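**Student:** Starting off with a structure, shown below.
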Amino acid sequence: MKKYVLGVDGGGTKTHCSIFDLDGNMVDLVSWGTTNHECLSGSYAELQAELSKLFTYILTKNNIGTEDLERCVFGLAGVDTKWQHEFITNMIFDLGIRDFTLCNDSYLGVKAGSENGTGICAINGTAFSIGGIDSKGNMLQIGGLGELSGGDFGGGEYLAGKAIAATYNSIFKGDSETLITDMFFDTLGITSKFDFVEALKGKIDDGTYKYDYFNRLVFEAANKNDAVAQGLLDNMGIEYARCISAVINNLDFCKQEPVEIILAGSIFVKGENSRAIEKIRQEISNKHKDRIITYKVLTAPPVAGAILWALEQSGMKKHHREKVLKAFE
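Here this note's numbering is used: the first residue of the sequence shown is 28, the next is one more, and so on.
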């Protein structure tokens with residue numbers, strides 16, 4: 028009987044699910060909606076329903092049964108605590124999946140981006156999370172829990188919120204002037220500061236713009252040398268560096284070997300200004316002078332990390348790695 032592996036990268040905006048055979052050949056890749064319980068109105072119950080529909084769809088489409096799955100890896104945003112891990116593990120088990128690994132989606136970037144499957148992945152997309160895996164298999168996630176983990180300092184919504192605050196504080200509280208204000212006024216079609224809040228709320232409420240849309244104004248202003256926007260990107264980089272440094276300090280990375288830092292998520296990958304990344308490099312270099320640190324912007328989809336991890340657990344041959352990554356190009 029032919030066996031397969033299944034991998035899922037589930038985020039707050041979209042989900043990718045893929046199936047490969049044990050020789051590293053892609054069988055299917057499908058896109059789905061959110062599978063982060065924090066972004067679903069029905070929370071965990073809706074997550075279970077979405078996963079059930081997703082599994083049924085991709086398995087039925089390819090005439091594969093759950094008994095044909097050698098190994099599965101699920102990297103889901105919103106798996107941040109031991110309780111969440113246990114609860115969602117039982118949920119997946121109830122859907123008929125048996126041999127699987129469940130983790131926060133940040134760990135998938137390590138497997139997708141690092142040749143040896145160790146390192147640190149910093150996600151800056153819809154949300155904020157940093158996950159690391161050392162050579163002994165120890166895993167640690169920093170951030171992603173809001174105020175419970177000291178606050179989240181990245182992600183599209185975070186940066187959009189900072190753009191809104193910079194404008195509001197400038198026009199009403201006397202903070203520094205910023206090009207972000209002009210960009211907001213142009214986007215919202217207003218000329219008076221007294222229309223700002225109502226116009227902004229109205230455009231978000233009626234669906235004209237999603238809240239995180241406005242993070243792009245920070246990049247646009249920074250590219251025009253706006254000091255406020257540049258400061259926002261600097262601060263974001265500093266906070267990411269603090270979290271990355273925490274992973275380095277709390278996992279067992281060998282000092283004689285490079286620590287690979289993989290940057291993932293749309294803000295890092297597609298952001299139109301590299302200032303935050305440059306700040307991360309600077310801060311990490313200052314904090315860890317005795318270490319070799321390398322950086323990589325993740326170009327492979329994180330779901331590739333789920334597949335590679337599942338194949339690794341199934342005894343994957345080394346040469347399958349490039350084959351798998353090429354299949355996602």
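Even for Gly, the Cβ is constructed at its ideal location relative to N, Cα and C. In this text the structure is predicted, and so the values were computed from the model without any measurement.
Give me the residue from 36, 265, 106 and 193 with the minimum Cα distance to residue 180.
**Tutor:** When only C-alpha atoms are compared, the closest one is 265.
**Student:** Look at the Cβ atom of residue 136, then the Cβ atom of residue 271, and state whether they are nearer than 8 Å.
**Tutor:** no
**Student:** Count the other CB atoms within 10 Å of the CB of residue 156; is the residue buried (16 or more) or exposed (fewer)?
**Tutor:** buried
**Student:** From what residue to what residue does the beta strand (DSSP E) around residue 284 run?
**Tutor:** It is not in any beta strand (DSSP E) - residue 284 carries neither H nor E in the DSSP assignment.
**Student:** From residue 211 to residue 317, what does the alpha carbon distance come to, in whole angstroms?
**Tutor:** 44 Å
**Student:** Closer than 8 Å by C-beta to residue 261: which residues in its own chain qualify, once you throw out the five before and the five after it? Chain order, please.
**Tutor:** 302, 303 and 306
**Student:** Can you confirm whether the stretch 156 to 166 touches the stretch 317 to 327 when touching is taken to mean that 3 or more C-beta pairs between the two stretches lie within less than 8 Å?
**Tutor:** Result no; under three Cβ-Cβ pairs closer than 8 Å.
**Student:** Below 8 Å on the Cβ atoms is my guess for residue 98 versus residue 337; work out the distance and round it to an integer in Å.
**Tutor:** 4 Å
**Student:** Would you mind reading off the limits of the beta strand (DSSP E) that contains residue 390?
**Tutor:** Given a span of 28 to 356 for the chain in the structure shown, any question on residue 390 remains unanswerable.
**Student:** What are the boundary residues of the beta strand (DSSP E) that residue 222 is part of?
**Tutor:** No beta strand (DSSP E) contains residue 222, which DSSP labels as neither H nor E.
**Student:** Under the three-state reduction of DSSP, which class applies to residue 36: helix, strand or coil?
**Tutor:** strand
**Student:** Cα-Cα, which of 70, 57 and 169 is closest to residue 108?
**Tutor:** 169
**Student:** Would you check if there are 3 or more beta carbon pairs closer than 8 Å linking the stretch 141 to 155 to the stretch 110 to 120?
**Tutor:** no
**Student:** Only counting the same chain, and skipping five residues up and downstream in sequence, which positions put a Cβ closer than 7 Å to that of residue 231?
**Tutor:** 238
**Student:** From 73, 47 and 88, pick the residue whose C-alpha is nearest to that of residue 100; which is it?
**Tutor:** 47
**Student:** For residue 151 versus residue 182, is the C-beta distance shorter than 8 Å?
**Tutor:** yes
**Student:** Using a threshold of 8 Å, state whether the C-beta atoms of residue 205 and residue 248 are closer than that.
**Tutor:** For residue 205 and residue 248, yes; Cβs fall inside 8 Å.
**Student:** Along the chain, where does the beta strand (DSSP E) that runs through residue 47 open and close?
**Tutor:** For residue 47, the enclosing beta strand (DSSP E) covers residues 42 to 48.
**Student:** Would you call the stretch 249 to 256 and the stretch 271 to 281 in contact, with 3 or more CB pairs under 8 Å?
**Tutor:** no
**Student:** Rounded to whole angstroms, what is the Cα-Cα separation between residue 43 and residue 241?
**Tutor:** 25 Å
**Student:** If you draw a straight line from the alpha carbon of residue 326 to that of residue 351, how long is it in whole angstroms?
**Tutor:** 13 Å
**Student:** DSSP beta-bridge partners for residue 166?
**Tutor:** 160
**Student:** Would you kindly work out how many angstroms separate the C-alpha atoms of residue 36 and residue 330, rounded to a whole number?
**Tutor:** Answer to the nearest angstrom: the Cα atoms are 5 Å apart.
**Student:** Just list the residues that DSSP pairs residue 84 with in beta bridges.
**Tutor:** According to DSSP, which records beta bridges pairwise, residue 84 is partnered with nothing at all.
**Student:** May I have the straight-line CA-CA distance separating residue 128 from residue 259, to the nearest angstrom?
**Tutor:** Each residue's CA atom was taken as its position, placing residue 128 and residue 259 some 37 Å apart.
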